[in-house]
Structure formats: structure tokens, C-alpha cells
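Chains as they are written, first to last, in the working numbering: chain A, 3 to 472; chain B, 237 to 586; chain C, 516 to 677.
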């Protein structure tokens, strides 16, 4: 290994002891050892109790061990170099200067990953970018060092030569066939779904009024308070243990097995309590790279994302462009609805297929619509990869279909509550995919919320000028 | 001037994966004193799933929540779970846990039946006891049964089970099929104040009526609703990742990516809608994601109600709202007879 | 290297660390007090909040040299061998924490508030928590629990249960 020939040249890190992590002292903590079990946890029957959480007490004491709170003897710290350019070909990566730094124990690039692609559906995402960069948060190299600070400094010493390409940033532009391809030579649409029910054009012809509206939503981040964190360590039998913030450990193990080319029985994935996920920690990020760094150095390796990496290098919510067209009777009954959705699918597929499917199915709203046509596309762009985020497209389409509904109600001078009661699902209604629905309580939720809010009693509040909180 | 408005939004949301198999497995084993351990591959991400699963397991075995210790999230030691995603844990993993507990209970009933001189089908588990149905005075403590099972009968009480929602694949041309096992429904109504001179929106109050099937733990449901609404407020009014012309994020930090703080939160009133889903564990469905879904819609409808402008893109920042108010004002015909001269100083015709 | 001597949770401790070391790293790496969390490292999220000489601070923004001779109180110093601090007890009862990562920072901000103001209004509680981000809970159950904690600390009889 090239590393061995450099050991003689590099100053021994032990000559600079201050850069090593100081010795651990026993923590100063006291806590009550007498166990008092809250009543809610002792009651039977258990279902329906306001039982307190077992981890609630540990959280309040600061005793919950998240991955970043775990330390192993001899542990190294890893950091990832981020591309910083949205679309480029990688011409060369020079890691020699970084490897020569005192305290740096290993550097790897995409070339070191045995099978450098993964993904929940399309396997289009690399562990570390090897020949192409598809978004500015792509990782291009990983460094393991004796302290986090040295690892971070080493990133600047890694020289990457790029051939810059023009990034595709707008999803509607990306939809056009003539726009250069992000991954493939052309055609950035990587998912397409259709729902077709009844005859929507006929319904429009029979409608008293037609309403149209276009709505757009933005890219947002999960912002879990705990950044992604992983620790990798091997044993002498060639078994690797990964402590990781993954929300899906079985899938994680499968991806690690595939990317590293080792059997699943040699991999253990352990997720302790995770400090918030919201969909952003549902696929692997640094795990295979860390496993390789750990193998190369023979030491446990920990990597935590910086907050900047949480934004640029983890998944985000799909921005949507949503076109709605609805035909109604003058009483406000929906006869037909036509919807087009364009999802900004970011640099990699990640959870886009699921989001596309859900957005498509949910886009018509909880309403009885016999004539429906929904067409949805997801396109690549050279922006941060979009993936699973709480709702998978539902918050976006709900904003659209409920804004649209209120626009219709306002135009027809019908109360927003009344128009919804007229159209919503009931027990046994058929969904847009003709599934017979059971345990349907959308009407009950409308009436209950309206009553609790005082919807009917206050009358229309528009243009009321009393400001401030009551 | 502050203008008050109110807006509502209703929604539906599915539980589990779209058509694709998303199974969960669980193992329930009982200790010799009647307490139990649940092994689950799911990951606690903060939502409280381990508490819910303990409650479901405890209910099936007739013991208390605190009697069930949950071991989770280890591919070596815990059975397969598709993961904490798609609001599926209460429904899918919950069903698996309940079925596993039922199998464990079957062993207990087989052991207890001769102890009580009845058939296993005549027994039920309640209040830490195995009881003859209809004759509660004929009972034996569950710990005694578990101990007897191990030491005398030689069959440690243990059960393992899997669950996967039944679906039907969607037709590729028409999208027709049965993609999910069940759905939840909700309505949120928001009350806002909009400052028509700055465009600033203050969300005062949100009433949220959510269906989650049986509420296994109402306190945790409230926590999910309150948390979801906070994310919804951010989605509606504040949060946005911005890119420059080269495709680099401009605000990848919490200074410039604005998300709700304690000062941005409205008063939240949580209402759990009465409902029971026979396909879920003890009638439960799920609640993790739905709580965020209608919030932005309700807030944007409230803005519309307050100042009569429809914002067509999120987030509805103050700049956007003010620009819309201004544009609307400019479109309105001038009022005659007020004596107020329009810009330019010309007197208005009387 | 900088040598510092300070009081942490009532006990005198010394450490030697590079001058750029933050109080947060000193607590977590040198003293193994991992209650204060690293959420952003630049003072935006409040997950690192501890109390220094009675004032709540973002420990990621304080350098080691600045805490020499000072008194630091962390989450680990709130409970005693006999009982939890009322804030910890009530946060447990009310289900105020979900993933728990923001918890130590929130509780220290709340403690600092209650030490200064024994009867805060809801708005004052919101203001005190304004520098602590939480993504899971929406703050509602925290505010409720802090109100009850304030009441308990004032010696009032126990209020409604969670």
C-alpha cells in the first residue's frame, strides 16, 4: 500500500501531542437511581394510555447516546470533500498532498469503491463521484484523520480538476426534449405516471364553470437537529459494524453489501436513537466510504455531517409545478379534474419514484371525482438530490388542490366548508385509482374542526381590522 | 393595518408503500415473571414508535406498557423491518408486533388451560392475568403461567410474525388498482393576521382534526400534530433552499434558511377524530406525515381570506404577499367621491 | 495550548486544549459530558446551550480561554442523586421531547429563564426559547411543561396532570 512508503517521510504525529485528542476523564453526572414508573406506563389496558416514553427520561437527563456521543478507542474522524460545482466531468483527483499531512491516516476516492452505485429504485447515485459530478454536494473524496480539524484541513489539500458543464436548473426546461441530458445524453424525464378515470373532456363540456390554476412549491430541507452520523469498525473475521443514523437498516445493509461486494452476514447495522429523520436519513450516505476508510486504517472511523452538508449533501423535498383544471356545476359539484405535475427530481432518483406515485394518486384531493386525468413527470436537474420528505408530495399537492378549491368557492360564492362537504369522500367511496375506501372520516374531520374553530358562528372574517392576538 | 383571515384545508394520506411490499417482522418473548421483550427492526427517530409498539404488545398480552422492553434497530439481533418511513410503523410494524404477541399468548393459553381446567379458547389475557372468559375469579397470574411454561411444560412463550399490507398493482396506462392498505384523513383550519402594509403573516391559531384510527397514545398523537404543524408553518411562510445561476446553494445554513422557532408557532388545538380501522392493530392507522400535509394550504387560504390575494407559490414570504396586495390594489378601479386625489395630484371627479 | 481551570457542575476541573477549542468541544471531548450537542457549530440552533455564570450561552461560540475561572452548568448537573430537576420530570410527564436532540439545550435555556423570572408569561417563555431550534415537537408541550415547572418551583400545589 502506498501509505507504507510515506510513513518514513511524514513527521510522526506523536511529536505534536497537542493535536491528539486529550485523555478522557470520568464525566461529572449524578442522577436518581430510584426508579419511579409514571402511572400511564403501569395501567392496563395499555392502548389509549397517555403513556410517557421510556427514552423521555434519558433525553431530559442528557443521557441518550446519539452516534456523535459514541467514542471508541483509537477512533479516527472522517470528512468528505464536496464538489462545489453543479455539473462537471472529473478529469483528475490528486490526493498526495492530503495523504502526506501529519495526522491523516487514509484518503479514498470513488475509484476505491468496489461497486460505486446505489439507490432505492434507480441505482444512479455514486458513493463518491468518480467520473461525473451531478450536483454541488456530490462527494469526491473522503479523508480519515486523528482529529476532525485535521480531516477538514486535509480536504483543502485535495486537488480536483474539473471540466465544467452547463447545469440544468429549471424543471420545466429539463422537461423539454431538446435540453441536454443530466445523466443520459438526452431526455431528463426519469419517471412518468398517469391516472385515467372516466372522460375528463366530456365532463368539462358538461360543466357550468371551468377553473384553472397553477401552483408551485419550493425545495426545503428536513433540518433534523442531529446531523447524519456514522461510525464504522471491523473485526478480525472481516465483519463490519456500522453505527448509523439510518432509518432503514435492512435497506442500508443491502446497499452496503452491494457497494462493498461483501455478503450481508458480514455486515451489522445498528441505529441508536436518531435525532430526527423526517425522510432524510432513509438511505446510505457515507457508510460504504467509512467502511473502506476503517478497513484501510484498521481503526474505527466516525463521520458527522456539518450543517452545511445537511443542506447540500443530503436529500431535500421535491419542488413541484402543478397545473389544475376543474369543471364544476354551479352548485360547486366537481364533474371533472385534469392535473399535470412536474417534479424537480434533483441530481439522483433517490425516492422520486415513490414521491411521483404518491403525488399522482393524492393530487385530486379527498374528493369524489368520476372523471379524472392526472399526468405526472419527474425530471433530473443539477440541483441537490430530492428524496423522501415527510409527505412524499402530499403537502405540495394539498396546497394546490385546497387553494384551487377555495378559488372555486370564492368565485361561486359558496362557503369553503360547504363546497368541501359536497364533494368529499364517504365510507365506500372510490379513490382516483378505484380503490374502495374504508374507515373514511374526512367529513367528520371537517365538521369537527369547523365546530372547534367556530367556523359558522363567526361568519366570514374577511377584512376584519382588529389586529393582534385576542 | 392588520387584517384577520381564516382558511381551511382537508386532506387524505396513505399508510405504507405504494403497492410495493413493505413488510415488518417482530418477535415477542415473555420472561418467567410475565414481563416481555419485543424485538423489532424499526428505528426510533423521535416519533415515539417504540412506546406505541410496547403499548400494542402489552395490550395483546394483557400486561402494562412498562412491562414490555423494546429492543430495536440492530440487523444482527432484530427481525427485518422496512423502516420508519411512509407513516407505516404503527400500522405495519404494529400489526406484526400484535400478531407476534398473539402467537406468544397462544403458548401461554395452551399452558394455562389445564391449570384452570378449561380449553385454551375459553381464555383471555387481561390485567396481568390469564382469565376464564366470563369468570374473572378463575384466573392465574401471567407470570406463573410463563414460569410454568418454561420450567414444567418446557415451551418458553415466544412468538414471531410478519405483516405486509395487501395491495393490487396499478395498471400502467390508467393507474387503477389498490396501492395502499388504508388511508387517514384530516382537516386543519388556520387563523392568521396579515399586515397589508408589509405583507407579514402571523399564524395565530390552528385547529387540527386528525384521524389516526384508534389513538394508541393520544399524547404522542398530539406531539406529532404539533410538530407537523410547525413544519407546515415553515413550508408555508419561511423555508426555501435558494440556488445561484451555477447551481450552488446560496443559504445552506440555519442563519439564512429560515425555519420556525418558538416565536413563530401558533396556538395549536388538537382534535382526534373518532375512527376504527379493522385492518390495523386495535383499529390504529398512523399519523406521522399527515400532520404536516394540510397546514400550508390552510394558511394560504387564510391569507386569501384576509387580504383577497391568491399566492401561487410557496413560501408566502412577506415580500410575495405584499407584492400581491400591491398589485391587487393597483388593479382596483379608483373610488369616486372620496375627495382623495390619485397619485399625480389630479382631483377626482365629484 | 491554553490551560484553564473552571467549575463544571459544581466541581473544579482543569484542562489543556488548543486555543481554538470551543467550550462545547471542551465539555464533550475533554470532560465526556456529551449532553450539550453539536447541531450546527456556529450558534444558529442552540443545541449546545449551557449556563455560564448564570447566563445561557451557545457553547459552540465560546472559546476555551473565555471560560477560565468561570462556573459552567450543563444538563448533567441538574438532577441530583435523589431526584430529577422539575424541568426534567415535567418534560418527561408532558412528552415534551421527541427525538431529544434539542432537549438539553432547551432545558438549560428554560432553567436560565426560571432562575431569573419565577413567573414567566407564555410570551416570555417563547422568547427564552427563541434561540433553540426544535424540528420535532412544535414547542407546545415544552411551553406547557415549563409553565408547570415554574409553578412547582414557586411552591404552588400540583396542577393538572399531563
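Note that CB positions come from ideal geometry on N, CA and C, so glycine has one too.
Just mark residue 413 of chain A as buried or exposed, buried being the case when its beta carbon has 16 or more other beta carbons within 10 Å.
Exposed is the label assigned to residue 413 of chain A, since fewer than 16 other Cβ atoms lie within 10 Å of its Cβ.
Residue 237 of chain B and residue 432 of chain B look like a contact to me (Cβ under 8 Å); what is the Cβ gap, rounded to whole Å?
Their Cβ separation, rounded to whole angstroms, is 5 Å, which keeps residue 237 of chain B and residue 432 of chain B in contact under 8 Å.
Would the beta-carbon of residue 289 of chain A fall within 8 Å of that of residue 247 of chain A?
8 Å or more divides the Cβ of residue 289 of chain A from the Cβ of residue 247 of chain A.
Kindly indicate the opening and closing residues of the alpha helix (DSSP H) around residue 350 of chain B.
330-352 is the span of the alpha helix (DSSP H), which, as asked, contains residue 350 of chain B.
Cutting at 6 Å between CB atoms, please list the residues of its own chain near residue 387 of chain A, excluding the five before and the five after it.
So the qualifying residues of the chain are 317, 348, 349, 350 and 352.
Can you find a CB in chain B that lies within less than 8 Å of the CB of residue 656 of chain C?
At least one chain B Cβ lies under 8 Å of residue 656 of chain C.
Can you give me the C-alpha to C-alpha distance between residue 662 of chain B and residue 403 of chain A, rounded to a whole angstrom?
Nothing can be reported for residue 662 of chain B: it is not among the residues displayed for chain B, which extend from 237 to 586.
Within 10 angstroms of the Cβ of residue 208 of chain B, are there 16 or more other Cβ atoms? Answer buried if so, exposed if not.
The first residue shown for chain B is 237 and the last is 586, placing residue 208 of chain B beyond what the model contains.
Along the chain, where does the alpha helix (DSSP H) containing residue 299 of chain A start, and where does it finish?
289-299 is the span of the alpha helix (DSSP H), which, as asked, contains residue 299 of chain A.
For the region 394-415 of chain B, enumerate the residues whose C-beta is nearer than 7 Å to any C-beta of chain A, in chain order.
Cβ contacts with chain A come from 406, 409, 410, 411, 412, 413, 414 and 415.
Say whether the region 390-398 of chain A touches the region 354-363 of chain A, bearing in mind that this needs 3 or more beta-carbon pairs closer than 8 Å, one atom from each stretch.
Enough Cβ pairs lie closer than 8 Å, so yes.
Between the alpha carbons of residue 246 of chain B and residue 340 of chain B, how many angstroms are there, rounded?
As the crow flies, the alpha-carbon of residue 246 of chain B is around 41 Å from that of residue 340 of chain B.
Is there a Cβ of chain A sitting closer than 8 Å to that of residue 346 of chain B, yes or no?
Chain A places no beta carbon closer than 8 Å to that of residue 346 of chain B, leaving this residue out of the contacts.
Return no unless some Cβ of chain A is closer than 8 Å to the Cβ of residue 622 of chain C.
Using beta-carbon distances, residue 622 of chain C counts as an interface residue toward chain A, with a partner under 8 Å.
In three-state terms, what does DSSP make of residue 580 of chain B?
With a pLDDT of 42 at residue 580 of chain B, under the threshold of 50, the predicted position of this residue should be treated as unreliable, though the coordinate-derived value follows. Collapsing the DSSP output to three states places residue 580 of chain B in coil.
C-alpha gap between residue 417 of chain A and residue 657 of chain C, whole angstroms
When rounded, the distance between both Cα atoms is 37 Å.
Cross-strand partners of residue 424 of chain B (DSSP beta bridge):
Secondary-structure assignment with DSSP links residue 424 of chain B through a beta bridge to B/245 and B/444.
Buried or exposed: residue 379 of chain A, going by 16 or more other Cβ atoms within 10 Å of its Cβ?
Burial call: buried.
Taking its Cβ as the centre, do 16 or more other Cβ atoms sit within 10 Å of residue 652 of chain C, making it buried, or is it exposed?
By the neighbour-count rule (16 or more Cβ atoms within 10 Å), residue 652 of chain C is buried.
Report the three-state DSSP secondary structure of residue 259 of chain A (helix, strand or coil).
The answer is helix: DSSP assigns residue 259 of chain A an H, G or I state.
Alpha carbon of residue 192 of chain A to alpha carbon of residue 255 of chain B, nearest angstrom
Approximately 19 Å between the Cα atoms of the pair.
Please classify residue 51 of chain A as buried or exposed, where buried requires at least 16 other C-beta atoms within 10 Å of its C-beta.
With 16 or more other Cβ atoms within 10 Å, it is buried.
Can you list, in chain order, the residues of its chain whose CB lies under 8 Å from that of residue 335 of chain A, leaving out five sequence neighbours each side?
The beta carbon of residue 335 of chain A sits closer than 8 Å to the beta carbons of 424 and 425 from its chain, once the five residues preceding and following it are set aside; these are given in chain order.
Beta-carbon neighbours of residue 612 of chain C, restricted to chain A and to distances below 7 Å
Under the 7 Å cutoff, chain A gives 58, 61 and 62.
Please confirm if the region 73-87 of chain A is in contact with the region 140-151 of chain A, defined as three or more CB-CB distances below 8 Å between the two stretches.
Because the criterion of three Cβ pairs below 8 Å is met, the region 73-87 of chain A and the region 140-151 of chain A touch.
Starting from residue 455 of chain A and walking both ways along the alpha helix (DSSP H), at which residues does that stretch end?
First-last of the alpha helix (DSSP H) with residue 455 of chain A: 444-455.
So which residues on chain C does residue 71 of chain A lean against when the C-beta distance must stay under 7 Å?
Under the 7 Å cutoff, chain C gives 549.
Residue 662 of chain C to residue 128 of chain A span [Cα, whole Å]
Rounded to whole angstroms, residue 662 of chain C and residue 128 of chain A show a C-alpha spacing of 50 Å.
Should the region 531-538 of chain C be regarded as contacting the region 572-582 of chain C, the criterion being three or more beta carbon pairs within less than 8 Å?
Touching, yes, given that three or more Cβ pairs across the two stretches are closer than 8 Å.
Since residue 452 of chain B meets chain A, which of its residues come closer than 8 Å, beta carbon to beta carbon?
Residues of chain A whose Cβ lies closer than 8 Å to the Cβ of residue 452 of chain B are, in chain order, 49 and 50.
Simplified DSSP state of residue 225 of chain A, which is helix, strand or coil
Residue state, collapsed to three classes: coil.
Where does residue 416 of chain A sit, in a helix, a strand or coil, going by DSSP?
Coil at residue 416 of chain A, not helix or strand.
Which residue or residues does DSSP assign as beta-bridge partners of residue 194 of chain A?
Residue 194 of chain A pairs with A/379.
Could you give the C-beta distance for residue 441 of chain B and residue 462 of chain B, rounded to a whole number, given that I count them as a contact under 8 Å?
Contact annotation, residue 441 of chain B with residue 462 of chain B: C-beta distance approximately 13 Å; criterion of less than 8 Å not satisfied.
Against residue 603 of chain C, what residues of chain A qualify as contacts under a CB-to-CB distance less than 7 Å, listed in chain order?
Here the neighbours are 62 and 63.
From the DSSP output, in three-state form, read off residue 384 of chain B for me.
If DSSP states are grouped into helix, strand and coil, residue 384 of chain B belongs with the helices.
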